[in-house]
Structure formats: structure tokens, C-alpha cells
Amino acid sequence: MKRSNIIYGLTCIVLSGISLYIAIIFDANKMSGVFYGLTGALGVGCIVNIAQYFYWKKHNEKYEEKLEIERIEQQDELKQKLRDKSGRYAYLIGIFITALSIMAYSLLGVLNIMDTEYIVIHLSIYLISQLFIGIIVFNHLLRKYD
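Residue numbers (my numbering): 1174 to 1319.
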């Protein structure tokens, strides 16, 4: 494993500690929950990263074998096509969910259940940007490989 992995893990632990400190200071505030959650997410992720670093450092042969298998799988054409298709499906499902959210929040706003004007505007801008970004990226890749 690279030394940068352990540096990343230790940096995250420090950030987790800072987040915990901020959460304790603002304990009476509503924001403390966000900082406690950030502390947990950063802390657990970093501990796992550090544990993996020491595990793979002891089992270097298994790690090299794992890297070789990953390199082979990355170059497999079928898996590349499947990754492309899964990305496309995820993109389309995300657009569909965003469109449904716009309709649901619009309905809630019309029925005066909640004030949803800014949510609908934000989701609409997000949906339009996703459509344009998809078209731009597709055209860029098409020019790159033609």
C-alpha cells in the first residue's frame, strides 16, 4: 500500500477530531448533530482505511495479487461496457427521481402543505443542468474517440 493512504487516514482522523470539538462546543445548537454525524463518518472511514493499510502491508503478496486482478478486470471489455451501461442507467434513474421530486414538491406547494418554491427551483435547475451536462459530456467523448 502507498504511504499516501496512511497519511490520508491520519488526516481524516484529525478532521474528525476537529469536527468532534466543534460539535461539543455547539452542543446546545441544532448544528451539533451535523458535526457529530460528520465525526462518526470521518472517524469510521479513516479507521477502516488505516486498518486496511496495516493489513495489506503485512499481506503484501495477496495485495499484489489483488491489484493484478483489478488491473485485468479494468481492461476487460465486457465489464467496461457494463460499467458504461450501469452509469447510463444510474444517470437516467437520477433524472427520473429528480423529475418526480419536482412534481411532488410542486403538488405540496399547490396544496399549501409546505412552502416549496425554492426547492422546486433548485431541483429544476439541477435537472436541466444534468441534462445539459450529459449532452456535453457525450459530445466531448464522441469527438475524442472519432
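Backbone N, C-alpha and C fix where the C-beta goes; we use that ideal spot for every residue, glycine too.
Between residue 1178 and residue 1226, the C-beta spacing is below 9 Å.
The residues 1293, in chain order, have a CB closer than 6 Å to that of residue 1279 in the same chain once the five nearest residues on each side in sequence are set aside.
Between the segment 1232 to 1246 and the segment 1200 to 1209, the count of C-beta pairs closer than 8 Å stays below three; the two stretches do not touch.
Excluding five sequence positions before and after residue 1199, the CB atoms of its chain that fall closer than 6 Å to its own CB belong to 1205, given in chain order. For residue 1218, same chain residues with a beta-carbon under 8 Å away, outside a window of 5 residues either side, are 1185 in chain order. Pairing residue 1300 with residue 1266 gives a Cβ-Cβ distance that is not under 9 Å. Shown here, residue 1232 sits in coil according to DSSP, grouped into three states, outside any helix or strand.
Under the three-state reduction of DSSP output, residue 1201 falls in the coil class, being neither helix nor strand. In the displayed model, residue 1184 falls within a helix according to three-state DSSP. Here residue 1215 is buried, its C-beta having at least 16 other C-beta atoms within 10 Å. Taking 9 Å as the cut-off, the Cβ atoms of residue 1271 and residue 1281 do not count as close. In terms of Cα proximity to residue 1311, the closest of 1243, 1298, 1296 and 1260 is 1260. Burial check for residue 1314: the Cβ neighbour count within 10 Å stays below 16, so the residue is exposed. Leaving aside the five residues that flank residue 1287 on each side, the residues in its chain whose CB is nearer than 6 Å to its CB run, in chain order, 1281.
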